[in-house]
Every structure is written in structure tokens, then in C-alpha cells.
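Student:
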Amino acid sequence: MQNRITAIFNTDYPIVQAGMVWCSGWRLAAAVSNSGGLGLIGAGSMTPELLREHVNKCRIATDKPFGVNIPLMNTHAESHVNEVINLNVPIVFTSAGNPELYTSKLKMHGIKVVHVVSSAKFAIKAQNAGADAVVAEGVEAGGHNGREETTTLCLIPLVKDAVHIPIIAAGGICSGAGMMAAMVLGAEGVQIGTRFAVCEESSAHEIFKQKILSANEGETALVLKKITPVRVIKNIFYDTVKMAEDNGASVDELKEILGKGRSRAGIFEGDLESGELEIGQCSASVQKILSAKDTLFEIWNEFVFIQNIIKSEWNYCNINIQ
């Protein structure tokens with residue numbers, strides 16, 4: 559399948575693996591890129607030196623295009639931007655911040671820039687800043703979310719009406735059927751996190767992966783809305799934060815509860831009680847651990863199967879009408 563997204567990234571499929579903290583190292587990114595999608599290294603959990611190491615290892619592991627996700631609220635954001643420029647990384651996804659900060663600087667060095675947005679307003683801002691595409695991410699997504707709390711199915715058409723650059727849909731997409739729904743609404747690609755978080759090549763702790771597999775419907779929730787909304791699996795940490803929020807805790811009090819290293823403890827070290835277990839709502843639909851390649855092709859093959867059914871039924875209807 560060729561469209562504007564595959565043309566921008568020079569990939570075979572319009573499927574992007576999200577740049578997730580503590581999950582998306584060079585092994586996962588390289589495996590996805592080698593399979594024809596776009597793999598992203600998640601810089602949010604890395605120092606500049608560690609990011610450089612992962613980029614260099616990814617370049618050895620694949621001759622396909624790959625990218626780096628840089629959360630702009632990260633204290634290392636500027637250093638990360640300089641690193642990807644120095645290392646000639648071809649694609650950068652920016653998130654959690656103002657796209658005007660670094661988009662023009664990155665594009666001056668020939669880097670394709672995609673910005674993650676949670677509203678049509680911010681999609682317009684990203685387009686005006688010069689972004690090549692936007693990720694329209696709904697509230698179903700794991701990790702940090704937009705304050706608007708707009709669902710993916712509502713967000714895609716709103717963004718589609720607001721901008722002319724290509725849209726990549728994200729949030730709650732775990733299957734080829736979900737991909738088809740997003741494409742029908744106006745997306746030209748999808749970004750998938752939760753499914754790839756449990757892949758064999760993901761750097762997440764095995765205990766965390768098993769927790770995702772056992773998650774049921776309704777076991778994730780948004781918390782820390784006074785700071786930055788984040789979707790997590792409910793556990794003791796979640797209960798503590800939720801109680802504090804219900805009792806009117808201030809931003810400073812919530813930051814004290816959050817402390818440092820919560821996501822590392824939960825995702826990378828497997829602390830299921832005190833860790834921040836960031837994952838999407840569609841975790842309830844994830845049933846198995848596969849390789850990144852098998853995951854990508856399972857999603858793609860289901861998408862093609864549904865596409866063929868739709869084409870067949872459309873042709874049948876046209877024949878009968880004539």
C-alpha cells in the first residue's frame with residue numbers, strides 16, 4: 559500500500575510503532591522497520607548519551623528508515639534534538655509540547671517531522687510550524703494524554719477537517735479492524751503502542767508484559783490530570799493518586815506522590831504495585847506475546863482482509879444497482 563505516509567517515511571506499510579518510554583529501544587525499532595513499518599526509538603526515558611547508543615545500534619540492525627520520538631517536556635529535549643541532527647536521524651516525532659520549538663530547526667537538516675496532537679487546534683499549530691504530518695492521538699492511548707480527553711474516533715474527523723497534511727491515527731488501535739476504522743475516518747496511517755509494548759523485542763519487563771496480557775476491560779484510567787494526564791493500569795500507586803485527587807490534592811502534593819522513576823519502576827523493572835504502569839485501553843484486547851514482525855503482519859493482514867471484503871461487497875452492490 560502506497561500513500562502519503564508511506565511516501566514520507568519510505569516504508570512498505572503505513573504502520574508506526576509508538577516511541578514508548580522503557581519499551582521502545584533499538585531492538586524494537588529495528589524489528590518494526592525491518593518488517594516494513596516505521597520503528598521509533600523512545601527518547602523520553604533516555605539520556606542524550608543513551609539515545610546516541612540506541613540510534614547507532616539501530617542503524618547497525620536495520621538499513622530501513624527509523625525515527626526517534628522526543629517528548630518536548632523532557633529536560634533533555636534540546637539535547638535530544640541536537641543528537642538526532644548530529645546522527646542524521648531521518649525522522650523525528652515530537653510530542654508533549656509546542657511544535658514551534660524545534661520543527662524548523664529539524665527540517666533545516668532534512669529531517670521529516672511529525673507532531674503528536676490531541677486536538678484540531680494543536681494540529682493546525684503543528685501544520686503552521688511546518689510538520690510533515692500529525693499523529694491524532696485519542697484519550698484511549700496509554701501514557702501521557704491530552705487534556706481534551708477526545709476519543710480517537712471523534713478526533714480523526716475533526717483533525718481531518720482542520721489540516722491538509724497527512725494524519726496518523728493513534729489511541730486504542732490494536733488490530734487491522736481498528737486500523738480500517740481510522741483510515742475510513744480520514745487517517746492515512748496508524749501509530750500503535752500497546753501491541754508493540756508486549757512484543758518479544760520490547761525492552762519492557764516480562765512481568766509488565768504479563769500484566770498487560772491479564773488486563774481486563776476497565777482496568778486502565780486517567781490520573782494526574784492537574785499535572786499531565788496519564789493512562790495507567792490500576793494498582794496501589796493509582797489508588798494512592800486517585801484518593802489524593804478526590805481529596806483535592808494540590809499540584810505540589812501530587813508531584814510529591816509521583817516522585818521520580820515511577821514509570822521506570824513499573825514498566826522496566828516490573829514493580830506492579832508502586833510503579834506507574836502506562837498502557838492503553840486496548841490492553842484488554844491483547845492476548846499474546848509475538849515478535850514485532852508477526853504483530854505487524856497480523857494487523858496488516860487483517861486490514862487487507864477487511865479491505866477486500868469491503869471492495870467485494872461494493873462491487874456486488876454496484877452490479878445490482880446497474
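The numbering used here runs 558 ahead of the 1-based position in the sequence shown. Think of the CB as a built atom: it goes at the ideal place given N, C-alpha and C, for glycine as much as any other residue. Note that this is a predicted model, so its numbers are computed, not measured.
Does the region 757-766 come within contact of the region 575-587, defined as at least 3 CB pairs closer than 8 Å?
Tutor: Yes, they touch.
Student: Measure the alpha-carbon distance for residue 683 versus residue 742 and round it to whole angstroms.
Tutor: If I take the Cα positions, the gap works out to 24 Å.
Student: Just the Cα atoms here: how many angstroms apart are residue 634 and residue 751?
Tutor: One C-alpha to the other measures close to 22 Å.
Student: Does the distance from the C-beta atom of residue 600 to that of residue 581 stay below 8 Å?
Tutor: In this structure, residue 581 lies closer than 8 Å to residue 600 by Cβ.
Student: Please classify residue 839 as buried or exposed, where buried requires at least 16 other C-beta atoms within 10 Å of its C-beta.
Tutor: The residue is buried, with at least 16 neighbouring Cβ atoms inside 10 Å.
Student: Going by the CB atoms, is the gap between residue 710 and residue 727 shorter than 8 Å?
Tutor: Yes, the Cβ-Cβ distance between residue 727 and residue 710 is below 8 Å.
Student: Is residue 831 buried or exposed, if buried means 16 or more other CB atoms sit within 10 Å of its CB?
Tutor: So residue 831 ends up on the exposed side.
Student: Mapping DSSP to helix, strand and coil, what is residue 670?
Tutor: Correct three-state label for residue 670: strand.
Student: May I have the straight-line CA-CA distance separating residue 665 from residue 794, to the nearest angstrom?
Tutor: Each residue's alpha carbon lies about 44 Å from the other.
Student: From what residue to what residue does the beta strand (DSSP E) around residue 561 run?
Tutor: Here residue 561 belongs to no beta strand (DSSP E), and DSSP marks it neither H nor E.
Student: Go to residue 726, then tell me how far its beta strand (DSSP E) extends in each direction, as first and last residue.
Tutor: It spans 725-728 - the beta strand (DSSP E) in which residue 726 sits, taken as one unbroken run.
Student: Got a sec, what are the start and stop residues for the alpha helix (DSSP H) residue 708 sits in?
Tutor: Careful: residue 708 lies outside any alpha helix (DSSP H) and carries neither H nor E.
Student: Of the residues 625, 654, 848 and 693, which one's Cα is nearest the Cα of residue 641?
Tutor: Selected option, being the one with the closest Cα: 625.
Student: Between the C-alpha atoms of residue 602 and residue 869, what's the straight-line distance to the nearest angstrom?
Tutor: Their Cα atoms are separated by approximately 41 Å.
Student: Could you tell me the alpha carbon to alpha carbon distance between residue 735 and residue 810, rounded to whole angstroms?
Tutor: Roughly 42 Å between the two C-alpha positions.
Student: At the level of alpha carbons, what is the spacing between residue 629 and residue 655?
Tutor: The alpha-carbon atoms of residue 629 and residue 655 are separated by roughly 7 Å.
Student: Determine the direct distance from the alpha carbon of residue 617 to that of residue 705, and round the result to whole angstroms.
Tutor: Distance between the alpha carbons of residue 705 and residue 617 is about 36 Å.
Student: Just how far apart, CA to CA, sit residue 571 and residue 662?
Tutor: For residue 571 and residue 662, the distance between alpha carbons rounds to 27 Å.
Student: Return the first residue and the last residue of the alpha helix (DSSP H) that residue 752 is part of.
Tutor: Start and end: 752-755.
Student: Hey, quick one: how far does the alpha helix (DSSP H) through residue 798 stretch, first residue to last?
Tutor: Element bounds for residue 798: 794-804.
Student: Check this for me: beta carbons of residue 789 and residue 691, under 8 Å apart or not?
Tutor: Cβ atoms of residue 789 and residue 691: not closer than 8 Å.
Student: Identify the residues that DSSP records as bridge partners of residue 789: which are they?
Tutor: Paired residues: 701 and 780.
Student: Is the region 769-782 close to the region 841-853, with three or more CB pairs under 8 Å?
Tutor: These segments touch.
Student: For residue 535, I'd like the list of residues in its chain whose CB is within less than 8 Å of its CB, leaving aside the five on either flank, ordered along the chain.
Tutor: The structure shown does not extend to residue 535, since the chain spans only 559 to 880, so no value can be given for it.
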